[in-house]
Structure formats: C-alpha cells, structure tokens
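Engineer: Quick note, the sequences are listed as chains R, E and A, same order. The opening residue of the first sequence carries number 1 in full-length UniProt numbering; numbering runs sequentially from there. The opening residue of the second sequence carries number 1 in full-length UniProt numbering; numbering runs sequentially from there. The opening residue of the third sequence carries number 1 in full-length UniProt numbering; numbering runs sequentially from there. Virtual Cβ for every residue (Gly too), placed ideally from N, Cα, C. Predicted model, so just to flag it, every value in this text is computed and none were measured.
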Amino acid sequence: MNPVNYVYLAALLFTIGAAGVLIRRNAIVVFMCVELMLNACNLAFVTFARMHGGLDGQIVAFFTMVVAAAEVVVGLAIIVSVFRTRHSASVDDANLMKL
Amino acid sequence: MNSLLGLLIAAPLLGAAVLLLGGRFVDRVAPVLGSALAGLSFVLGAILFSNLLGKPASGRAIDSDLFTWMHVGTFKADAAFHLDQLSMTFVLLITGVGTLIHIYSIGYMAHDEKRRKFFGYLNLFLAAMLILVLADNYLLLYVGWEGVGLASYLLIGFWQHKPSAATAAKKAFLVNRVGDIGLAVAVFLMFTTFGTFTFQGILHPSVVSSAGQGKATALGLVLLLAACGKSAQVPLQSWLGDAMEGPTPVSALIHAATMVTAGVYLITRSSAIFNAAPTAQLAVVCVGAVTLLFGAIVGCAKDDIKKALAGSTMSQIGYMILAAGLGPIGYVFAIMHLVTHGFFKAGLFLGAGSIMHAREDEVDMRKYGGLWKKMPWTFATFGLGYLAIIGFPGLSGFFSKDKIIEAAFAKGGTEGWILGGAALLGAAITAYYMSRIMVMTFFGKPRYTTKAEGGTSPEAHESPAVMVAPMVVLAVGSVFAGGFFSLGSRFLHWLEPVTGHSEGHSPVSTGVLTAATIVLMLLGMGLAWFQYGMREVPAAAPRSIWPVRLARRDLGQDDFNHAVFVRGGTRFADGLAEFDAKGVDGAVRGVAGAVGGGSSRLRKLQNGYVRSYAFSMFGGAVLIVAATLFMRAV
Amino acid sequence: MSATAVAAPAVHSLWTTAAAAPIHAPKIEYAQLSPILVVLGAAVAGILVEAFVPRRARYGTQLAVTLIGLAGAFAAVVGLAATGYATTKADLAAMGSIAVDGPSLFLQGTLILVTAVGVLAIAERGLEPQSREVPHVDAFAPQAAAVPGSEDEKAAARAGWSTTEVFPLTLFALSGMLVFPAAGDLLTLFIGLEILSLPLYLMCALARRRRLLSQESAVKYFLLGAFASAFFLFGTALLYGYAGTLDLGGIAKVVTGDAAPNAALNASAHGDALLLIGGAMIVMGLLFKVGAVPFHAWTPDVYQGAPTPITGFMAAATKVAAFGALLRLLYVALPEMRWDWRPVMWGVAILTMALGAIVAVTQTDVKRMLAYSSIAHAGFLLTGVIAGNKQGVSAVLFYLAAYSFVTLGAFAVVTLVRDAGGEATHLSRWDGLGRRSPLVAVTFALFLLAFAGIPLTSGFSGKFAVFSAAAKGGAVPLVVVGVLCSAVAAFFYVRVIVRMFFAEPRADGPSVAVPSALTGTAIAVGAAATLVLGVFPQWAFDLADKASVFIR
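#1: When the cut-off is 8 Å and only beta carbons count, does E:T192 lie next to chain A?
#2: Out of E:V591, E:G311 and E:G370, point me to the one whose CA is closest to E:L555's CA.
#3: Decide if E:K55 is buried, meaning its Cβ has at least 16 other Cβ atoms within 10 Å, or exposed.
#4: Count the other CB atoms, across all protein chains shown, that sit within 10 Å of the CB of E:K582; report buried if there are 16 or more and exposed otherwise.
#5: May I have the straight-line CA-CA distance separating A:M1 from A:L449, to the nearest angstrom?
#6: Does A:D272 come out as helix, strand or coil in the three-state DSSP assignment?
#7: Cα separation between A:P142 and A:R429?
#8: Skipping 5 residues on each side, what residues in its chain have a beta carbon closer than 7 Å to that of R:V60?
#9: Output yes if chain A places a C-beta closer than 8 Å to the C-beta of E:T628; else output no.
#10: What's the C-alpha gap between A:A371 and R:T47?
#11: Hey, how far is the Cα of E:N607 from the Cα of A:L355?
#12: Run through chain E and tell me which residues come within less than 9 Å of R:N95, C-beta to C-beta.
#13: Pairing CB atoms from the segment 345–360 of chain E with CB atoms from the segment 94–105 of chain E, are three or more of them under 8 Å?
#14: What are the partner residues of A:I98, as DSSP defines its beta bridges?
#15: What does a CB cutoff of less than 6 Å around A:L334 pick up in its chain, not counting 5 residues either side in sequence?
#16: Touching or not, the segment 544–562 of chain E and the segment 458–468 of chain E, by the rule of three or more beta carbon pairs under 8 Å?
#17: Determine, for A:P26, whether the minimum Cβ-Cβ distance to residues of chain R falls below 8 Å.
#18: Using a C-beta to C-beta distance shorter than 8 Å, which residues of chain E count as neighbours of R:D56?
#19: Using 10 angstroms around the beta-carbon of E:N2, count the other beta-carbons present and answer buried if the total reaches 16, otherwise exposed.
#20: Under the rule that 16 or more other beta-carbon atoms within 10 Å means buried, what is residue 639 of chain A, buried or exposed?
#21: Is A:T4 helix, strand or coil when you go by DSSP?
#22: What does DSSP give as the partner residues of E:D180 in its beta bridges?
#23: For A:G305 versus A:S217, is the C-beta spacing smaller than 8 Å?
#24: Taking the beta strand (DSSP E) that A:V417 falls in, what are its first and last residues?
#25: So A:G69 packs on A:G41, CB below 8 Å; how close in whole Å?
#26: For a test of the three-state rule: what should DSSP assign to A:V134, helix, strand or coil?
#27: Can you tell me the Cα-Cα spacing of E:A216 and A:L105, whole angstroms?
#28: Leaving out the 5 sequence neighbours to the left and right, which residues in its chain are closer than 6 Å to A:L174 when beta-carbon positions are compared?
#29: When DSSP labels each residue in this structure, what does E:G370 get in the three-state scheme?
#30: Name, in chain order, the residues that DSSP records as bridge partners for E:T450.
#31: Can you pull the chain R neighbours of A:L327, defined as C-beta to C-beta under 9 Å?
#32: Could you compute how far the alpha carbon of E:G444 sits from the alpha carbon of E:W377?
#33: Hey, does R:A70 have any beta-carbon neighbour from chain A nearer than 8 Å?
#34: Could you check where the beta strand (DSSP E) with E:H562 kicks off and where it finishes?
#35: Given E:L395, which residues of its chain have a CB within under 6 Å of its CB, disregarding the five upstream and five downstream residues?
#36: Using the C-alpha atoms, what's the distance from E:A16 back to E:W159?
The structure is reproduced here in structure tokens:
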C-alpha cells in the first residue's frame, strides 16, 4: 500500500484529536485527545521514516512516547488536584479568571 | 593627566551630589566641603596647566575619552573631553574665581538656613560650566550649556520665598531657552551637514568651507542666538538685571566666572565657522556694539548698585562679543578681556555684597554715602576694581579694553570707524557710570541714619576676613593681570595656536587711540564727579527728562518684550489653546475613546474558558497555514 | 540528530543484521555542553536533597545548591564565550543536536542571570505574615497536594512545611530553556520545549494564597500548552517528511535545493505543502510560547493565577528562550522561505502589538496588565525578528536581555504591595502608593517607564534597536504600527504612575512589606540593569552584535 495513506490517516487522527480538545468538557478527555494528537504525530513520523528509509523518525516516536508519559504525570497531577478542590473535572467550571 | 581631566569635573559634581542628596547629615560641613571641592578642582586645573606649559606650543592639548555615550548607525556621541589652551584658560578662571566666591560665600551665607543647598548648587554650576568648556563635541557642550541654565535658575531663585526672585529665575530660564533653541538647532544642523559633533571633525577651515557659505552663515547665526541668550546680549539681555535677585555671590559667579562667558566661549570656539561666514560675523559685531552701549547707558541710570553693575557686565560682555566678531584680530583680546573682567567684576560684585552685608541688604545707592571710612578694605578692593574696569592706565582693564578698541578700528573702512567709535564712546560711559557708583557709595556724607542716631539703618561695619580675603585676591588680579598678560604678548602667544591671530592695521595710531581713551575716561570721571561728588545726592531719584527715565526702565526692554512677545504670545497661545481644546483634544479624546471602546470589546474575547482559548489557537493555526499557502500561491 | 543515510532496503535488515555491524558511540563534547549539564546536575542534586535532607535544612540547602549550580553554569558560559565559541570556534556539539554559537551563549548567559535573579525572588520568605511557630513563610503552598482549605493543608501550614521542590523545578525548567534556543535539530527543539514547559505547569499551581486561581491557571496553561506542543510536533513530522532530516541546517539545504527532497513525495506534488504547513505549525508552537496573538489567550490568566515570583521568572525567561528558538528556526532552517513567512509574521506582529496594547488599557489587575504588556512586547520583539538581517538578530538579543530584567523587577515589586488577603493586585489599591512608600513607587515607576520605552531606560534602547533594524529590513509600516502601539501602551503605564503619585491614598490601602535581602537584591539588580542598559547601552549592543551570527 502506498505509505502516503498513513500520512493521511495521521492527519485525520490529528484532526479528530484537535476536535476533541475543542468540544469535550472533561479535562481528562481533553487531555486524552491531546495524547491522540501526539500519537497521530508518531504515526506520521514512522511513516515518513519508512518513506525516507531513515531511522530518525522512529527515534522521534520513542522520544514522543517518553514526553507523553511525562506529560501524563504532570497533567494528571494538576487535573486530579483541581478535581479534589472543585469536585468537578469540567474545564468549563474553571473560569474564575477572565476579561 | 587624562584621568585628572575627568577628576577635575568630578570634584564639583561629587560635591553637588553629596550636598544635594546628603540631607541634614552634611549640613554642618557643607560650606567647607563645597569650597574644598571647588579648590581641589582649581588645584587639578593648575597641575594640568603646568603640564600643558611643559609641552611644545603646538601640541598643548589633552584628550580624555570617558565612554561612548551612544552609537547607533552613523550617529556617534562620545563623552569625551578636550583640554587645550582656550579651555585651560576658562578652567583656571572658572575654578579660580569660583573657589574664591565659594570661600566668600562661607561668610556671606553664614546665617542662611539653606546654605547646604546653596553650596550644592554652586558646585553644580561649576561642574556644568566645566563640562561646557571641556567638551570635545557640541553635543556634550550642549549638556553643559543646559546644566549651566539649570544651575543659574536654581541659584537666581534661591530665595524663592520672595516672589521677585521666583519671577526673576523664571525669566532667566525662559529667555535662556530662546538661546538654547539656537544651540539645539546648531547641533542638529551640524549633524546633518557634517555627520559629526566633534570639534575635531567640524572646526577645520576646509571642512566648514565644504559645507558652503550659506550653511556656515546659518550655523553662525544660530550659534550667535545661543550666545546672546547665555551672555545676555541684545536682544536676549533682559534676564540679566533681574537675575540680581539671587544672593550676591551668585551674581559674582554668573557675571565673572561662568554663565555669561559661555557665549564668548562658544563664538571663540567656533571661530572656524565664523571665519567662513562674514555675514554672521557682521551680525556678531553689531550685537556686540549695540549691547556695549545699551548696557553702559542702562548702567548710568540705575540706583540699585547690583543692577548698575549688571548693566556694566552686559556692556563689558558686549566688548568681548564685539572683539570675537572681529575675527582673528579679535579672538585673543576677547578672551583676555574676559579673564581680566573675571577678576575685576568678581571683585566689584563681592565688594557690593560686602556693602549689602554691612547695610542689611540695602541696595539703593542713594542710601549709601561716605562708606570709605567704615569699610576700608571693601573700599580699597572695590576702588581697585573700579580703576581696572574704567581702564585706568596700568591696571588690567586698560590693557585688555584698549586692545579691543584698537582691533575695532583695525576692522577698517566705515565699519571700523563706527565700531571703534562705539567702543570709545562705551569707554567714556563706563568711566561715567562706574565713577557714579564709586562716588555715590563711598564718598560724600552718609545718606542714612543709623539706629544709634535714631534712624533705622544699622551701623556699617567691615566684613569678616573670610569675605575680605577673596576680595583682596581678586583686587590683586584686577591690578596686575592685564599687565602680566600683555608683557611680551604672553597671552597672545599662549592662545594663538587655538584661535589663530592676525595683526590688524588700525587707521589711527596706537598712541593716539590710547590718548583718546584716557581723555574720554577722564571726561567720564569728571562728569560723574561734577554731578554726584560736588552736589548733594537726593535721597529719592528726581524726576528726570525722558532719556534718563527710559534708561531707568532698562531702555524699555521689558516694555518691548511685553508688548511684542508677551501680549502677542498670549494671543497666539489663546488661539492655540482654543484649537487644542476643540481640534486636538477632540481628536485625542476621539482616539482615546476608540481605543477604550475597542479595549472593552476585545477583552470580552478573554472569556475564561479554556476551550474557547483552544479554539482561537486552532483558528489561528488554520489561518496561518492558509495564509502561508496563499502567499505561495500568489 | 544527524541524518543517518541508510538506503531504503537496508531499513528492514537493520534489526536483523545490525549485530554484525560495529556500533559507533556518539561523540559528545562535554565541555561545550557544560552550561546545560551543570544546571541539570544541580537540578538532580536538588531532587536528592528533597529526598535525603531533613525538612528543616532543606530550604537553605536547596537555595545553596541552586545558586552554586547557576554560578557554575554562568562561569561555563563565560568560559566558552571567552575561548571563542561565540565567534570563531562556534560549532555544533553532540552530533549536531546542540549549537554552541553566539546567540546560544548570549541567550544562555542571559537566561542563567535571569534565573538567578528570579530564584532570589522565589526564595523570599519574609513577606507573608509569620507566627512564632512558623517563622518563615514563602509564597508557595505548604503542601501542594492538599485540598485548599482542608485540615490537611492547615496541618501542613502549622507544621511550617514549604514546597522547596520549586528550586529543582526551576532548574529543570532552566535546563530546558538552555537547550531551547541552542537546539540544532527539531527533536532537540521539541525536547527542550517540553522540559521547559512541564516544570512551569507545576510551578503555576503552587501558590500559597488564592489556590483556586493558581490551580486554574495551571490547568489552562497545561491543556493549552500540550495542545500547542501537539501542533509543534505535527509540524515537526511534516517538515521531517519534507526534508528527510531533522537537522535545521539540513532542512535549509533541502529548501535551497542543495540537497534533494524525497523523490516519492515530490512526485505527488505534496512536497511544498508539507514544507509550508509544517513550517507554519512549528512557528505556531513557538508563537504560543512567546504569547503572540492569536496564541496569547493563556498569558493573562496564567500570569494572574501563578505565584507572582514564578510569574516573573516565567514571563522573563520563557520569552528569552522562545524568541531564541524562533530566531534560530527562522534564520537557520527557513531563511529561504522568507517570502512565505514574512507576510504572515507581519500580520501576527501587528495583531500582537495592537491587541496587547489596546486590551491592557482597560485592565484593572496589575498582573493582568503586565501580562497584556508582555503580549505587546512580544509584538515589538517580532518586528525585530521580521527584520531578517544581522542587525535584527542583535537587536532582538539586546531587547530580550533588557526586557527580562525589567519584567523580573516589576513582578518582584508586585510581591511587596500586600494587604490582609495577600498581594493587593487590584490597580485601585495602588492609589497614592507614592506618598506612603516613595521608594517602592519610584522603583515601580522606573520599570513602567522602561516598559513604555522612555529614554534613559533599557526599554528605550531596546525598542530603538528593534525598530531601526526593522526599518532597515524594509518593514517601515510595521515600525509605524509599533510606534503607534507604543504610544497607546505608554498611556496605561503612565496611568499607573499617575495613580501611584497623584491619587489620594485609600484609608484601607495596602501596606508595603519590607523585603528581605533576597527580593531587595532582585529588585535592585532589575533597576540597575534597567538604568545601565538605558544610559550606557553601548557595551551590551556590542556584545549582542558580536553574538548575532548563527552556526548552521
């Protein structure tokens, strides 16, 4: 199969993730959508690595996974502490600061 | 030696900083500290002087680059100093006479509560003046120029509780601003014409001539405007008389060592520009000649001793400006007269201060008389200063003023005759008004009644030694400086490498001129003696014929200024204010309202919801990508 | 990451036959990487301190470790610069991952100094009200995990706990910032971005007072930051797809045509689209970090909610690092794309300057006002970036150094003005401050004047430099907009000054806490830098000028 199709798939996944960030209210789900976007990037990297016949893209995918894991640690810590304070994980409830 | 140059300026600057910022902690040491730092500056000046003397005449210069102030593109401004014979002369005069005035002030201001500030301002004045004369470029000179203006404003208005002093300070400041605009324009012009501010880069005949005569004339005229402001020359002379509202040591400082000499310095320093612009030179000599007569006539009519002396200063500076306008035949003599004038005018003002000190600040000469017995030291020093200023043979003024008169005649042609005649006439009037002051103050019977005799005036007494000593030093200078400078043309040889010099050929022989000067001087003295010495001086000024009344009113300078500038200016300002209120303010308010309205509306975008922020980012990303692709497509 | 030139068929055989081939260990120039390594080392040491040193001694130990680490790192930067790595010996280290050149060293030096000053404000423990049991209270939550207002939190406060983790977190953030502007390839750039961001997300949530706001700011910052990172990463992927390499220099070569792009992709005529979309998305990720419109929305909320010392550090240091990275990306990887990215950047710069300046006019909170001001300044900096010449680089470098110290000083002053509820950030509470605390008010006025770009402050020198560089680079209309926006901005800065000095003080107005030597030093350094760079800017201009050449 033409590997370019995987790039299209990656773009699609990325868009789905972005749309999720824009429309979902639950902070955990929003965050998962961001992870989906990162994974779309990984797919794109691996596909391009295959097309170029290089290893760089695959290596980046590993780095991305590590970064995503670190992001989960930090993100969940923040989201959980907010949840414990407000008893709500909705990002729309956190709007004390505006204007 | 280079670092000494910086130190020379740093000493009074430090004094100003410590005294003005130090608060009450330095109150007690203020007079001594201020004077000591001025003295230190003088000592450093003397060391530099001896160093200069050790060098060959052509290479007598010390340069000191402190730091590059600003360097953007071709715009380069350095904080750099240049010491040559001309600035050295000024440094010695400023710091020497300045120090004496500081010392004198210890006595004069002994009872003033704000003397810490006073000495701080004095130090600031010295520092600004030193920056002015030591700068190696016009931009830094401008810094010193404005510093002098500021310090003079603070000092003239020192007794700001008196409305007259506050008004006088404001007037001095405003009139000086007019001159400052001239200097500012000159600096702009120089940069656009020559691309630099430095003396070295501009003041060279070939450089100036490359700019063309029109540019040189324009530069000369704006520089002259600047000089008129600081040196109180017609038409910007009106501040000088009112500036007498400041404490008397300030008057001495302004008139002898600093401030009014700045204009002469500026013209002499810019000699290369003036030499290339005969029209500007003509303007300079006209200003000088008019002012020397103007000041002398005003001096004749004043009963206030300080204002009479102020008129005299105006007139003497007029001599210097005249000499400077004559070109290479006059520069050296302008500066020489400036130095000798520094001695005797400082001495005269300090003497006047001493009299006021004794008479509880009485300045009306009609209430003086017969003081010579009560104040022998003041009488002796004031008298020597008097003889020097009227050009009594053998004393300082004789040598320096004679040279200027001679040079004026040497200008040649009708011009020479007119200028020389004016200078001669000025000499006669000088003798008249100075004799008038002398006679009214020291001779005759006392025209006041002391408290012991049932009157209101205190008994006159001689001033303390700390005030007398500087007067004695200045009197010695008044007597000998001129002769010392002229002996073997010492001053000429010293200054010539900087200003250049050419001998003029006077149509009248030197002997005849000298004789004429002396005769005219004696005439003036005689007239004054006849009017004030032989007769009783009335205690109130008599109603006189209109020329005298006009002279008493400073020849109508303030009436003229009021009618033309103040009233016209008020009307113009009213018109502007109306335009401002309706046109500009309307526009500004409109813009402000639009910005405020836009702000209130735009800030609503910041609604606090993360998802809407994310949406704006997403939208922004889409836009940027689209725009990038679009740019490639077109 | 250097391009590993392996032929396509060889890929599959790599994990089957690699054992036979000798593996070359990468060459790492430890000396040239020493600034980053020293900071990372100090951060790890800080974690160990957290684990092993008794609670009482932690604060002192952490502060000492942090400052020693920073001093060492700064010495390393100076040493590298002195031995010529900024000019003649500039080189790519660690297999091309880290560029050791003029801009890197200049920005790294600036970042370390900024962090050192920021740490002083972070370490302040004398401003909060203290009790006999708890003599030292800092600006951070006693126990970040405890629910605000709960018994746990009160117990932690009574026990005098404090979040000394901020010190290693600061150092980790700094190490990311040191990598960010020095990154030689896109992967390193991404890693730097994440290392600098993750600690900052956490630090935002650590405020002792107003914890709801603090946590909210952390959530917003984190979610938006992660969102932006995803865009950045996808852009990286697309650029990699276009060029087949992650090297900034390698990408530039493919763009200019010195090296061939992927033949298969080119055949499908998507090559240019990949380049343009990828470049735009990466630039967008960086614009998010600098707070440019339309990616600015997080700035006011996060600046307001985060603990003020952290806001100061973040506002100053993040901007330096992110602009460094933006400069490197645009000048090293995409200079040939200038005609594509310049018009877009024009629009972004104009929007950023205008929106920042205009919205700041109606702000009522000091920290939010400074946030919008920082948005406007991002716009001014962008004009320098757009200049596209060497003068523009040096002007941006100078502006960053000047701006960061002003920002640090201003936020440090904000920590001093307090009332019973903590910092009094509402502008109306600052009325008449100049009468009660002239020194604090004068210092703050100095910083505001510097923000406004009044001559004799560093703000003027910086603005003058970027605007003249932009004008020289042909962006005259942009300069006109910039000057107009400066005028609008000057309005709200001066309004604060007017309030401080000419408004009647309020009877219930805030008090000004007397800072310890730590915050005092931070403010003094900020003020001194503001004045020195304003009155004698020349040496710094020269330094920035010397440091303005990127290595490819």
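Structural biologist: Looking at the atomic coordinates:
#1: The residue given as residue 192 of chain E occupies position 192 in the second sequence. Judged by the 8 Å Cβ criterion, E:T192 is not in contact with chain A.
#2: What you label residue 555 of chain E is simply residue 555 of the second sequence in a count that begins at 1. The candidate whose alpha carbon is nearest that of E:L555 is E:G311.
#3: As a working mapping, residue 55 of chain E is identified with position 55 in the second sequence. That one is exposed.
#4: Walking along the second sequence from the start, residue 582 of chain E turns up at place 582. Exposed, because fewer than 16 other Cβ atoms sit within 10 Å of the Cβ of E:K582.
#5: Position 1 of the third sequence, counted from the first residue, corresponds to residue 1 of chain A. Position 449 of the third sequence, counted from the first residue, corresponds to residue 449 of chain A. Low confidence applies to A:M1: its pLDDT is 43, below 50, so where it sits in the model is not reliable enough to give any reading.
#6: Taking the third sequence and counting its residues from 1, the one referred to as residue 272 of chain A is at position 272. In the structure shown, A:D272 sits in a helix (DSSP, three-state: H, G or I).
#7: Start at 1 with the first residue of the third sequence, and residue 142 of chain A comes out as number 142. Start at 1 with the first residue of the third sequence, and residue 429 of chain A comes out as number 429. Roughly 27 Å separates the two Cα atoms.
#8: Residue mapping note: residue 60 of chain R aligns to position 60 of the first sequence, counting from 1. Closer than 7 Å at Cβ, skipping near neighbours: F45.
#9: Position 628 of the second sequence, counting from 1, holds the residue named residue 628 of chain E. E:T628 counts as touching chain A.
#10: The residue labelled residue 371 of chain A in the question sits at position 371 within the third sequence. The residue labelled residue 47 of chain R in the question sits at position 47 within the first sequence. If you draw a straight line from the Cα of A:A371 to the Cα of R:T47, it comes to about 41 Å.
#11: Taking the second sequence and counting its residues from 1, the one referred to as residue 607 of chain E is at position 607. Taking the third sequence and counting its residues from 1, the one referred to as residue 355 of chain A is at position 355. When rounded, the distance between both Cα atoms is 15 Å.
#12: Against the first sequence, residue 95 of chain R aligns to sequence position 95. The answer, in chain order, is N607, G608, Y609 and V610.
#13: yes
#14: Counted from its first residue, the third sequence places residue 98 of chain A at position 98. Within the DSSP bridge table, the entry for A:I98 names A:A93 and A:A183 as partners.
#15: Translated into positions along the third sequence, residue 334 of chain A becomes position 334. For A:L334, where only same-chain residues beyond five positions count, the Cβ hits under 6 Å are G279.
#16: no
#17: Position 26 of the third sequence, counted from the first residue, corresponds to residue 26 of chain A. For A:P26, the answer is no, since every Cβ of chain R falls outside 8 Å of its Cβ.
#18: Position 56 of the first sequence, counting from 1, holds the residue named residue 56 of chain R. Here the premise fails: no neighbours, minimum Cβ distance about 24 Å.
#19: By 1-based counting over the second sequence, the position of residue 2 of chain E is 2. That one is exposed.
#20: Missing from the structure shown is residue 639 of chain A; chain A here goes from 1 to 552 and no further.
#21: Position 4 of the third sequence, counting from 1, holds the residue named residue 4 of chain A. Only weak support exists for where A:T4 lies, its pLDDT of 46 falling under 50; the value from the coordinates is given anyway. Reduced to three states, the DSSP call for A:T4 is coil.
#22: Numbered from 1 along the second sequence, position 180 holds the residue referred to as residue 180 of chain E. Answer is none; E:D180 lacks a bridge partner.
#23: Looking up residue 305 of chain A in the third sequence gives position 305. Looking up residue 217 of chain A in the third sequence gives position 217. Cβ distance < 8 Å, so A:G305 and A:S217 count as in contact.
#24: Stepping through the third sequence from its first residue, residue 417 of chain A is reached at position 417. Element bounds for A:V417: V417 to D419.
#25: For this step, residue 69 of chain A is matched to residue 69 along the third sequence. For this step, residue 41 of chain A is matched to residue 41 along the third sequence. Rounded, the Cβ-Cβ distance is 7 Å, consistent with contact.
#26: Taking the first residue of the third sequence as 1, we reach residue 134 of chain A at position 134. Note: A:V134 maps to coil in three-state DSSP.
#27: Taking the second sequence and counting its residues from 1, one reaches residue 216 of chain E at position 216. Taking the third sequence and counting its residues from 1, one reaches residue 105 of chain A at position 105. Near 50 Å, if we compare the C-alpha coordinates of A:L105 and E:A216.
#28: Mapped onto the third sequence, residue 174 of chain A falls at position 174. V39 and T115, listed in sequence order.
#29: The sequence position of residue 370 of chain E within the second sequence is 370, counting from 1. Three-state result, E:G370: coil.
#30: Taking the second sequence and counting its residues from 1, the one referred to as residue 450 of chain E is at position 450. Answer is E:S457.
#31: Taking the first residue of the third sequence as 1, we reach residue 327 of chain A at position 327. Contact note: A:L327 does not reach chain R at a C-beta cutoff of 9 Å; the least C-beta distance is about 23 Å.
#32: Taking the second sequence and counting its residues from 1, one reaches residue 444 of chain E at position 444. Taking the second sequence and counting its residues from 1, one reaches residue 377 of chain E at position 377. Roughly 18 Å between the two C-alpha positions.
#33: Residue numbering aside, residue 70 of chain R sits at position 70 when the first sequence is read from its first letter. Answer yes: the Cβ-Cβ gap between R:A70 and chain A drops below 8 Å somewhere.
#34: By 1-based counting over the second sequence, the position of residue 562 of chain E is 562. No beta strand (DSSP E) contains E:H562, which DSSP labels as neither H nor E.
#35: Sequence index remark: in the second sequence, residue 395 of chain E carries index 395 (1-based). Cβ neighbours of E:L395 beyond the five flanking positions: L387, A388 and V479.
#36: Start at 1 with the first residue of the second sequence, and residue 159 of chain E comes out as number 159. Start at 1 with the first residue of the second sequence, and residue 16 of chain E comes out as number 16. Going by the C-alpha atoms only, they are around 19 Å apart.
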